[in-house]
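Asks: The structure that follows is given in the form of structure tokens.
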Amino acid sequence: MEQTLTMAPSTPVKASEHAYLVEVFSAIQGEGPIVGTRQIFVRFLGCHLSCAYCDTPATHTKQRQCRVEQTPGRRDFVELANPVPITLLLEHLHKLETFPGLHDGISITGGEPLQHLRSLRTLIPAVKPDFSLYLETDGILWRNLEPVVDDFNLIGMDIKIPSATGLQPYWDEHRRFLAIAAKRDVFVKVVLTRDTTPEELDTTLEIIKDVDAEIPLILQPVTPYGVVRHPPSPEQVLAWQSRAKSVLKRVRVIPQTHKMIGQL
Ligand code: SF4
8 MEQTLTMAPS TPVKASEHAY LVEVFSAIQG EGPIVGTRQI FVRFLGCHLS
58 CAYCDTPATH TKQRQCRVEQ TPGRRDFVEL ANPVPITLLL EHLHKLETFP
108 GLHDGISITG GEPLQHLRSL RTLIPAVKPD FSLYLETDGI LWRNLEPVVD
158 DFNLIGMDIK IPSATGLQPY WDEHRRFLAI AAKRDVFVKV VLTRDTTPEE
208 LDTTLEIIKD VDAEIPLILQ PVTPYGVVRH PPSPEQVLAW QSRAKSVLKR
258 VRVIPQTHKM IGQL
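For the sequence shown, the working numbering begins at 8 and goes up steadily by one.
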């Protein structure tokens, strides 16, 4: 995820283009295979799901304001009115990159950022020359991925399992999504709870294997939050990893590390 910095967007952006945001800040990536890298997080507002373990409740309520960090890592937020003009967002992104190479890239996250296709289609060409772009998505809105898939350097997609989310399964949507995302560098993350069933894990493995058994799978033991009170047991995690490695080549267990070290 290399990048160089230029201080002005190379693609002109119309003043009428906006984005609905929750927050923009500089932090250490705490999940997935690029854990530990420094990123600017652009968190979009709103999500079409309501996972039981969701740790970003602010994305689910209408926010008149969003917060934007001024100095990387200082948490000196200022509030901006929603929707934020993308020209103003670009100014703040470049302001956070206080020296070239501070950030390994921008994490486009949410909520579900693919609900904001129009904003993404404006934002991406303007930042892409300067930053590596990482999409964090729930892996369901495959129709919205298609037009922007080539613009992301890395895609991290969830496979949502009902025993963890408390929601219906989205197997078919995940299949379609992964088939498109596999054009790029992609990994799959699945949040596991102590109620995860062998059948859910097997379906997840089958979806990935059918596209490419080399696609990395991250098993993320749930971080207790809200109504989810207990993580899976160490024995469960070991058993799931063994089961997954019997089908896929690249399986790692990575918990949410940013919560262990008090990061956002
Ligand atoms: S997809 Fe992500 S943001 Fe949306 S409800 Fe689930 S955990 Fe929360």
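Virtual Cβ for every residue (Gly too), placed ideally from N, Cα, C.
#1: If contact is defined by three or more beta carbon pairs under 8 angstroms, each pair taking one atom from either stretch, is the segment 143–150 in contact with the segment 60–79?
#2: Report the CB separation of Asp158 from Lys135 in whole angstroms; it is logged as a contact under 8 angstroms.
#3: Is Ser240 buried or exposed, if buried means 16 or more other CB atoms sit within 10 Å of its CB?
#4: Considering Lys196, what are the terminal residues of the beta strand (DSSP E) in which it resides?
#5: Run the CB neighbour count on Gln36, radius 10 Å, all protein chains shown included, and call it buried at 16 or more, exposed below.
#6: Thr200 to Trp247, Cα distance in whole Å?
#7: Nearest-angstrom Cα distance between Pro107 and Thr44?
#8: The ligand NAD heavy atoms versus the CB of Ser114: any closer than 7 angstroms?
#9: Grouping DSSP H, G and I as helix and E and B as strand, with all else coil, what is Asp165?
#10: Using DSSP with H/G/I as helix, E/B as strand and the rest coil, what is Ile131?
#11: Report yes if the CB atom of Asp165 is closer than 8 angstroms to the CB atom of Lys196, and no otherwise.
#12: Are there 16 or more other CB atoms within 10 angstroms of the CB of Gln72, so buried, or fewer, so exposed?
#13: Quick check: the Cα distance between Ile225 and Asp83, rounded to an integer number of angstroms?
#14: Taking the alpha carbon of Leu152 as the point to measure from, which residue in Cys61, Leu121, Gly163, Val229 has its own alpha carbon closest?
#15: What is the DSSP secondary structure of Arg250, reduced to helix, strand or coil?
#16: What do you reckon, are the CB atoms on His110 and Ser33 nearer than 8 angstroms?
#17: Would you report the Cα separation of Phe138 and Gly112, rounded to the nearest angstrom?
#18: If we ignore side chains and look at the alpha-carbon of each, how far apart do Gln70 and Arg50 end up?
Replies: A quick look at the data gives this:
#1: Judged by Cβ distances under 8 angstroms, the segment 60–79 makes no contact with the segment 143–150, as fewer than three pairs qualify.
#2: Within the sequence shown, the letter at position 151 stands for residue 158. Within the sequence shown, the letter at position 128 stands for residue 135. The distance from the Cβ of Asp158 to that of Lys135 is about 6 angstroms, consistent with a contact at the 8 angstroms cut-off.
#3: Here the question's residue 240 lines up with position 233 in the sequence shown. Its Cβ having fewer than 16 others within 10 Å, Ser240 is exposed.
#4: In the sequence shown, counting from the first residue as 1, residue 196 sits at position 189. First-last of the beta strand (DSSP E) with Lys196: 193–199.
#5: Reading the sequence shown from its first residue, position 29 is the one you call residue 36. When all chains shown are included, Gln36 counts as buried.
#6: Locating residue 200 in the sequence shown gives position 193, where the first residue counts as 1. Locating residue 247 in the sequence shown gives position 240, where the first residue counts as 1. Straight across, the Cα-Cα distance linking Thr200 with Trp247 is about 11 angstroms.
#7: If you number the sequence shown from 1, residue 107 lands on position 100. If you number the sequence shown from 1, residue 44 lands on position 37. Computed Cα separation, rounded: 15 angstroms.
#8: With respect to small molecules bound, the structure shown includes the ligand SF4 and not the ligand NAD.
#9: Within the sequence shown, the letter at position 158 stands for residue 165. The answer is strand: DSSP assigns Asp165 an E or B state.
#10: The residue labelled residue 131 in the question sits at position 124 within the sequence shown. Helix at Ile131.
#11: By 1-based counting over the sequence shown, the position of residue 165 is 158. By 1-based counting over the sequence shown, the position of residue 196 is 189. Cβ distance < 8 angstroms, so Asp165 and Lys196 count as in contact.
#12: Counting from 1 along the sequence shown, the entry for residue 72 is found at position 65. By the C-beta density criterion, Gln72 is exposed, having fewer than 16 other C-beta atoms within 10 angstroms.
#13: By 1-based counting over the sequence shown, the position of residue 225 is 218. By 1-based counting over the sequence shown, the position of residue 83 is 76. Within the model, the alpha-carbon separation for Ile225 versus Asp83 is close to 33 angstroms.
#14: For this step, residue 152 is matched to residue 145 along the sequence shown. Comparing Cα positions, the closest option is Leu121.
#15: As a working mapping, residue 250 is identified with position 243 in the sequence shown. Arg250: helix per DSSP, three-state reduction.
#16: Looking up residue 110 in the sequence shown gives position 103. Looking up residue 33 in the sequence shown gives position 26. If you check the CB distance, His110 and Ser33 come in under 8 angstroms.
#17: Here residue 138 refers to the residue found at position 131 of the sequence shown. Here residue 112 refers to the residue found at position 105 of the sequence shown. Approximately 5 angstroms, taken between the alpha carbons.
#18: The count along the sequence shown starts at 1 and reaches residue 70 at position 63. The count along the sequence shown starts at 1 and reaches residue 50 at position 43. About 12 angstroms.
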